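Numbering (mature numbering (1 follows the signal peptide of the UniProt record, and there is no 0)), first residue to last: -22 to -1, 1 to 552. Step one of this worksheet: look at the structure below.
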């Protein structure tokens, strides 16, 4: 039972990684190619980090592997899993790196990377001086007789083990349906932060009562309990008036809901996880929570973020501005967003939205599928893009669903798609975090490697082909025009409908006026997503546009905010 117990310890890690690594949804990646691609990418990244740690600290490969494991936290058995992998594959990695072989050659030799019938051998680093096949043959000779080749290279079937089936099914359902993993009363709100908990939607204040949750209208003015979790309840002893009635009645409370993709959820892999010269114990303190949030940081996002920015800029999320405007909006936020989400597959998880027409406050809904209708990992990428006709049908289906679920007086804002040509223009000749130490991996090489593995999240924009980049931007503009047409021609009973451009060029101009450079607005590890600064700058532009053109969408400024603070402090926090 020793080996299965170790497998059990790593199950959650492998399962979460398999759902998080690629930003395109699993249903768009049939067959084994994506699984092999993820195994290959993970191996190349890991071996690269080990090799660079040895170089930075002038140590042996063995010491570098142990150093990496020592940095990892105990939670989720990450440290245990690391030592187990070192024990299993470490001796072979040492042999190959001692022969001065690059990480991609090592991973092909170890068979984490595999060449398919129609797939070429993919390399991240410059080709070795000797022929690729000769280098691989040499590596295989080094490994001849190795006992590690009997171990499986993929965690794909790990959930088939009987004692793991139930936990796997529950985690997979939580991720697939975008609902909290821990939710005792099944009201779609949780007291647990990650696994779709309150990092994603307002924290429940009573997880044993499904009638108590953020965003609902107060029950009997919350005389006896805080039924809407905004931290305001009880009776003012001075005049016998319920605080909720005194402070919130007529203030037009409303929540903020994001229907988004990985950009809206703030997909972020810290560069220090891959940069040997910056790596320490502190680098990985947030690794467990990040894995259990699917490599997203919604608590810091531009729409529903509730924590202070880690970037130091003054701009706040739309939720925080809405809460500042009216403290009765406390905790009323939902990030219904998912890695790989698009107009096509939103129907698969939109049911996770929590709003009751009869008992809840109105909401502002931001529809922000900004990339995956034109971005995909297919080699022939253009035919896989959403057409304007498909976009119209998909969005109308979503709006019809919202009309049957949102309380009357709500508002829906459709975001257009950005022009993503800035990705290649800003990054292609810069060094990726894996290439900064030895100046040997540019973003152009990284994008090409992902494309070869069929893992490039946007073959249209993350490509050296200028014609393809232009075609992708043209399609994005067509889809934005479709959204604009819907917003100007369609009406619904329970909400007003608006459209805003996702004008990333304006965000870049704003950032440059502050002395920044365009590449500083892009996530450095994946080279694709807008980073925290870009997300907050976009939120600022949207807020200003709403305030200028449609101020009624935001509701009134509550004149009792200071009194709410005086009586209830931080209202129970987030």
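Backbone N, C-alpha and C define an ideal beta-carbon position, used for all residues, glycine too. In this text, all values refer to a predicted model and were calculated from it rather than measured experimentally.
Within the same chain, and ignoring the five residues on either side of residue 74 in sequence, the residues whose Cβ sits closer than 7 Å to its Cβ are 84, 87, 117, 120. The continuous beta strand (DSSP E) containing residue 344 extends over residues 341 to 346. Within the model, the alpha-carbon separation for residue 400 versus residue 470 is close to 36 Å. Between residue 392 and residue 465, the CB-CB gap stays under 7 Å.
Where residue 476 is concerned, the enclosing beta strand (DSSP E) starts and stops at 473 to 478. Contact annotation: residue 390 and residue 475 have beta-carbon atoms nearer than 7 Å. With a 10 Å radius around the Cβ and a threshold of 16 neighbouring Cβ atoms, residue 29 comes out buried.
With fewer than 16 other beta carbons inside 10 angstroms of its own, residue 189 counts as exposed. For residue 373, the enclosing alpha helix (DSSP H) covers residues 366 to 381. Of the other Cβ atoms in all chains shown, fewer than 16 fall within 10 Å of the Cβ of residue 492; this residue is therefore exposed.
Looking at the DSSP output, residue 420 shares a beta bridge with 409. Distance from the Cα of residue 195 is smallest, within the candidate group 490, 186, 229, 501, for 229. Residue pairing for residue 220: DSSP places it in a beta bridge opposite 213. Residue range 444 to 467 is occupied by the alpha helix (DSSP H) that includes residue 464. In the same chain as residue 113, and ignoring 5 residues on each side of it, the C-beta atoms closer than 6 Å to its own belong to 83, 106, in chain order. Rounded to the nearest whole angstrom, the CA to CA distance from residue 154 to residue 279 is 21 Å.
Rounded to whole angstroms, the Cβ separation of residue 59 and residue 25 is 16 Å, and the two are not in contact under 8 Å. Only buried fits residue 271, as 16 or more other CB atoms lie within 10 angstroms of its CB. A contact between stretches requires three or more CB pairs, one per stretch, nearer than 8 Å, and the segment 220 to 236 meets this requirement with the segment 299 to 308. Inter-residue distance for residue 89 and residue 267 is about 30 Å (C-alpha atoms, whole angstroms).
Straight through space, the alpha carbons of residue 41 and residue 262 are spaced by roughly 18 Å. Closest in alpha carbon position to residue 521, among 234, 457, 330, is 234. Counting only the Cα atoms, residue 102 lies some 25 Å from residue 49. A direct Cα-Cα distance of roughly 12 Å separates residue 281 from residue 177. Residue 233 is bridged by DSSP to 341. Under the Cβ criterion (8 Å, minimum of three pairs), the segment 233 to 249 counts as touching the segment 498 to 510. In the three-state DSSP reduction, residue 390 falls in the strand class (E or B).
Secondary structure in the segment 144 to 174: no beta strand (DSSP E) run of 3 residues or longer lies completely within the stretch.
Collapsing the DSSP output to three states places residue 191 in coil.
By the Cβ rule, the segment 433 to 451 counts as touching the segment 355 to 362, because three or more pairs are nearer than 8 Å.
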